[in-house]
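Visitor:
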Amino acid sequence: MDEDSESGIEENGAEGDDGTDGGADHATPLRRGWTTGTCATAAARAATEALFGGGFPDPVTVTLPGGQTPAFALAWTDQGDGEQGPWAAAGIVKDAGDDPDVTHGALVRARVWRGPAGSGVTYRAGEGVGTVTLPGLPLAVGEPAINPVPRAMIAQAVTEAANLARQPADLVVEIGVENGAVLAKRTMNGRLGILGGLSILGTTGIVVPYSCAAWIASIQRGIDVARAAGLTHVAACTGDLSEKAVTARYGLPEQALIDMGDFAGGTLKHLRRQPIARLSLCGGFAKFGKLARGLMDLHSKRHSVDLDWLAERLAALGASADLIAQARTANTAAQVLGMARDAGLPLADHVAELARAAALATLDGAPVAVEVLITDRQGVIVGCAPGW
Numbered sequence: 001m002d003e004d005s006e007s008g009i010e011e012n013g014a015e016g017d018d019g020t021d022g023g024a025d026h027a028t029p030l031r032r033g034w035t036t037g038t039c040a041t042a043a044a045r046a047a048t049e050a051l052f053g054g055g056f057p058d059p060v061t062v063t064l065p066g067g068q069t070p071a072f073a074l075a076w077t078d079q080g081d082g083e084q085g086p087w088a089a090a091g092i093v094k095d096a097g098d099d100p101d102v103t104h105g106a107l108v109r110a111r112v113w114r115g116p117a118g119s120g121v122t123y124r125a126g127e128g129v130g131t132v133t134l135p136g137l138p139l140a141v142g143e144p145a146i147n148p149v150p151r152a153m154i155a156q157a158v159t160e161a162a163n164l165a166r167q168p169a170d171l172v173v174e175i176g177v178e179n180g181a182v183l184a185k186r187t188m189n190g191r192l193g194i195l196g197g198l199s200i201l202g203t204t205g206i207v208v209p210y211s212c213a214a215w216i217a218s219i220q221r222g223i224d225v226a227r228a229a230g231l232t233h234v235a236a237c238t239g240d241l242s243e244k245a246v247t248a249r250y251g252l253p254e255q256a257l258i259d260m261g262d263f264a265g266g267t268l269k270h271l272r273r274q275p276i277a278r279l280s281l282c283g284g285f286a287k288f289g290k291l292a293r294g295l296m297d298l299h300s301k302r303h304s305v306d307l308d309w310l311a312e313r314l315a316a317l318g319a320s321a322d323l324i325a326q327a328r329t330a331n332t333a334a335q336v337l338g339m340a341r342d343a344g345l346p347l348a349d350h351v352a353e354l355a356r357a358a359a360l361a362t363l364d365g366a367p368v369a370v371e372v373l374i375t376d377r378q379g380v381i382v383g384c385a386p387g388w
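Mapped onto UniProt numbering, the consecutive letters of the sequence shown carry residue numbers 1 to 388.
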């Protein structure tokens with residue numbers, strides 16, 4: 001991951017908190033896919049029907065929160081008798097559509113067995129599914145990382161299957177993802193205190209390609225975890241280089257590092273609702289040049305670098321007419337930054353101050369002290385707007 005190419009997270013959803021879809025424009029519609037929560041629900045439904053003697057339905061149909069009823073082919077089934085009694089298991093291969101989802105093609109498994117009378121539906125983390133180890137998430141510490149909406153979907157599906165078989169819906173549902181521990185290294189789970197594997201995610205059951213809701217949700221959960229840990233200083237960064245720079249400057253713990261990516265708006269709006277005392281915003285010069293203009297989505301597909309605006313900033317700093325003209329015809333923001341350096345003009349500091357003002361305006365009086373740190377393409381801090 002660098003300052004212009006941010007890493008993805010496990011799944012994407014619908015519209016984001018900053019009111020943008022966060023993705024590139026496409027000439028043809030992108031194919032939607034299914035969340036891990038939907039796949040886990042389908043696998044659990046099939047396993048429950050088999051547990052109660054009805055065989056494995058193939059395909060198996062489930063109901064999504066929006067009322068859609070997709071059907072899924074089974075990729076794997078198994079049955080047996082263990083210490084907990086008879087069990088049945090099924091697996092669904094996840095199809096994320098055209099979304100760059102790290103779990104696309106993964107086998108999502110569910111194993112189901114009877115629980116104690118009156119226990120209802122309970123959940124276990126199987127191989128490849130993580131466990132919550134830090135407070136601040138919508139799940140208690142020690143719980144399997146199966147989010148609330150997927151839990152509700154699974155409970156509805158297995159309860160329906162139990163009712164059809166005229167059996168009590170006292171069931172233990174164990175969800176696993178093949179190779180999930182390895183895939184989890186490509187997500188933010190470790191930083192959020194989810195250890196041992198992936199999260200089972202989804203709010204609508206459908207993956208909308210290239211949307212930003214999941215990234216925004218991950219930012220929000222990161223802030224919530226930091227607050228629950230009692231941290232008073234967090235750093236929201238646009239990429240690896242800026243994250244390394246702010247870590248070297250302050251030595252912040254991992255839970256204090258928020259992978260903001262391009263979503264300045266989503267980050268600041270959540271901090272407005274859930275404030276933390278000190279916020280370091282750290283990112284590349286080009287991206288924070290957009291924030292300085294009051295833009296809250298920093299993606300290059302949404303907003304391009306405005307060279308005329310940068311030239312005007314140089315003018316405000318007393319640059320020569322020749323330098324201003326060169327800036328207007330530069331190839332990149334980095335080139336303009338280099339011109340300013342050569343001329344001894346503090347352009348990066350000036351842009352940082354404007355970016356800080358834009359961030360404070362979005363925070364709208366929330367008790368958050370803000371500093372802005374700007375890095376060059378080598379990850380060196382070249383601009384600063386102090387906040388404390």
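All C-beta atoms in this analysis are idealised placements derived from N, C-alpha and C, irrespective of residue type, glycine included.
I need the straight-line Cα distance from A327 to A333, nearest angstrom please.
Guide: Cα-Cα distance, rounded: 9 Å.
Visitor: Use the C-beta contact count for V141: other C-beta atoms within 10 angstroms, 16 or more gives buried, fewer gives exposed.
Guide: It is exposed - the Cβ of V141 has fewer than 16 other Cβ atoms within 10 Å.
Visitor: Take the Cβ of N163 as the centre, count every other Cβ of all protein chains shown within 10 Å, and call the residue buried at 16 or more, exposed below.
Guide: Exposed, by the Cβ-count rule.
Visitor: Tell me the rounded alpha-carbon separation between D2 and L64.
Guide: With a pLDDT of 35 at D2, under the threshold of 50, the modelled position of this residue cannot be trusted; read the value that follows with caution. Distance between the alpha carbons of D2 and L64: 36 Å.
Visitor: Provide the residue span of the beta strand (DSSP E) that contains H104, from first to last.
Guide: Note, H104: premise wrong, no beta strand (DSSP E); not H, not E.
Visitor: Put L317 into one of helix, strand or coil per three-state DSSP.
Guide: Three-state DSSP puts L317 in coil, outside helix and strand.
Visitor: For the alpha helix (DSSP H) that contains S218, what are its first and last residues?
Guide: From DSSP, the alpha helix (DSSP H) with S218 extends over 213-228.
Visitor: Give me the Cβ distance between G33 and V207, rounded to the nearest whole Å; I'm assuming they're in contact under 8 Å.
Guide: Correct: roughly 4 Å between the Cβ atoms.
Visitor: For M296, which option in G265, D364, K287 has the closest C-alpha, if you only look at C-alpha atoms?
Guide: Per the Cα distances, G265.
Visitor: Between which two residues does the alpha helix (DSSP H) containing A356 stretch?
Guide: Here residue 356 turns out to be Arg, not Ala, going by the sequence shown. Counting along the chain, the alpha helix (DSSP H) containing R356 begins and ends at 347-363.
Visitor: Do you know how far the Cα of R109 is from the Cα of E353?
Guide: Each residue's Cα considered, the two are about 51 Å apart.
Visitor: Kindly list the residues whose CB is nearer than 7 Å to the CB of A157, restricted to its own chain and excluding five residues on each side of it in sequence; keep chain order.
Guide: Result list for A157: T41, A44, R45, V62, in chain order.
Visitor: Please state the DSSP three-state secondary structure of I206.
Guide: The answer is strand: DSSP assigns I206 an E or B state.
Visitor: List the DSSP bridge partners of I200.
Guide: The partner list for I200 (beta bridge, DSSP) reads I146.
Visitor: With DSSP as the reference, label A343 as helix, strand or coil.
Guide: In the structure shown, A343 sits in coil (DSSP, three-state: anything other than H, G, I, E or B).
Visitor: Identify every residue that forms a DSSP beta bridge with F72.
Guide: According to DSSP, F72 bridges with V60.
Visitor: Please classify T332: does DSSP put it in a helix, a strand, or coil?
Guide: Note: T332 maps to coil in three-state DSSP.
Visitor: How many Å lie between T36 and L192 at the Cα?
Guide: Approximately 18 Å between the Cα atoms of the pair.
Visitor: Tell me whether the segment 124-137 and the segment 69-78 touch, counting them as touching only if at least three CB pairs, one residue from each stretch, are closer than 8 Å.
Guide: Short answer: they don't touch.
Visitor: Taking the straight line between their C-alpha atoms, what separation do you get for G318 and V380?
Guide: If you take the alpha carbons of G318 and V380, they lie about 25 Å apart.
Visitor: Return the chain-ordered list of same chain residues with a C-beta closer than 7 Å to the C-beta of P275, the five sequence neighbours on each side being excluded.
Guide: So the list reads A366, P367, V368, once near-sequence residues are dropped.
Visitor: Please name the residue in R278, S304, A277 whose C-alpha comes closest to that of G289.
Guide: Of R278, S304, A277, the residue nearest in Cα terms is S304.
Visitor: Are R114 and G126 close, meaning C-beta to C-beta below 8 Å?
Guide: No.
Visitor: With 16 other CB atoms within 10 Å as the buried threshold, where does T362 fall?
Guide: With 16 or more other Cβ atoms within 10 Å, it is buried.
Visitor: Quick one: any contact between the segment 139-154 and the segment 198-207, if contact means 3 or more CB pairs under 8 Å?
Guide: Touching, yes, given that three or more Cβ pairs across the two stretches are closer than 8 Å.
Visitor: Just to confirm, are residue 451 and A315 a CB contact at a threshold of 8 Å?
Guide: In the structure as shown, the chain starts at 1 and stops at 388, and residue 451 therefore has no counterpart that could be examined.
Visitor: Can you tell me which of T77, H233, D349 puts its alpha carbon nearest to the alpha carbon of A284?
Guide: The residue you asked about is not Ala; residue 284 is Gly in the sequence shown. Nearest of T77, H233, D349 to G284, Cα basis: D349.
Visitor: Let's see if you can read the secondary structure: which residues bound the beta strand (DSSP E) around S119?
Guide: Looking at the DSSP string, S119 is not in any beta strand (DSSP E), and its letter there is neither H nor E.
Visitor: Using beta-carbon positions only, say whether A321 and L281 come within less than 8 Å of one another.
Guide: No.
Visitor: Buried or exposed: which applies to D376, given that a residue is buried once 16 or more other Cβ atoms fall within 10 Å of its Cβ?
Guide: With 16 or more Cβ atoms within 10 Å of its Cβ, D376 is classed as buried.
Visitor: Can E49 and A181 be called in contact, C-beta distance under 8 Å?
Guide: The answer is no: Cβ separation not under 8 Å.
Visitor: Using alpha carbons as the reference points, say which of R227, A357, C384 lies closest to R273.
Guide: Of the listed residues, the one whose Cα sits closest to R273 is R227.
Visitor: Given a cut-off of 8 Å, decide if A385 and R356 are closer than it, judged by their beta-carbon atoms.
Guide: Taking 8 Å as the Cβ cut-off, R356 and A385 qualify as a contacting pair.
Visitor: Mind checking R151: buried by the 16 CB within 10 Å criterion, or exposed?
Guide: R151 is buried by the Cβ-count criterion.
Visitor: Tell me, to the nearest whole angstrom, how far the beta carbon of A340 is from that of L347; I am working on the premise that it is less than 8 Å.
Guide: So it is a contact: roughly 4 Å between Cβ atoms.
Visitor: Pull up the distance between the alpha-carbon of G197 and that of E178, whole angstroms please.
Guide: One C-alpha to the other measures close to 10 Å.
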